[in-house]
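In the numbering used here, the protein residues as written are 94 to 211.
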């Protein structure tokens with residue numbers, strides 16, 4: 094069994110959670126921007142740091158367990174983890190939080206709610 098086959102169910106669950114948040118109207122522009130920003134940072138960092146630890150010999154993968162494609166020294170399967178983690182965290186966060194707690198996409202709340210906090 095390859096790491097790709099092991100990773101796909103986790104990626105599917107994360108995608109379903111994110112899709113559920115989207116269907117409930119919870120994926121605001123701000124959330125989508127946050128997900129895109131996180132992925133734009135995490136995917137390249139994964140490539141760099143995985144390549145470093147593989148290059149140093151700290152971790153290695155046998156050819157039988159990976160799909161074969163690599164980006165740098167990192168197998169493509171390693172990039173599924175930050176993608177799945179970002180999707181799952183964003184989906185769960187938006188599904189669990191109370192949508193009434195914020196009046197708009199700024200996340201600051203209504204003026205009345207802000208006065209209650211002060």
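Heads up, the beta-carbon is just placed ideally off N, CA and C, and yes, glycines get one too.
Rounded to whole angstroms, what is the Cα-Cα separation between residue i and residue j?
i, j, result
"residue 109", "residue 151", "34 Å"
"residue 139", "residue 180", "16 Å"
"residue 127", "residue 185", "14 Å"
"residue 182", "residue 146", "26 Å"
"residue 123", "residue 176", "18 Å"
"residue 212", "residue 178", "Only positions 94 to 211 of the chain appear in this structure, which leaves residue 212 out of reach."
"residue 164", "residue 149", "16 Å"
"residue 153", "residue 115", "37 Å"
"residue 188", "residue 119", "7 Å"
For residue i, does the three-state DSSP call read helix, strand or coil?
i, result
"residue 95", "coil"
"residue 287", "It is not possible to answer for residue 287, since the shown part of the chain is limited to 94 through 211."
Is residue i near the ligand ZN - that is, is its Cβ less than 8 Å away from at least one heavy atom of it?
i, result
"residue 121", "The ligand content of the structure shown is nil, which means the ligand ZN is not present either."
By the 10 Å Cβ neighbour count, where 16 or more other Cβ atoms means buried, how is residue i classified, buried or exposed?
i, result
"residue 130", "exposed"
"residue 142", "exposed"
"residue 107", "buried"
"residue 134", "exposed"
So which of the options has the shortest CA-CA distance to residue i?
i, options, result
"residue 144", "95, 158, 169", "169"
"residue 191", "117, 105, 95", "117"
"residue 96", "148, 167, 115, 189", "167"
Minimum length 4: unbroken alpha helix (DSSP H) runs contained in the stretch 149-199: 173-189
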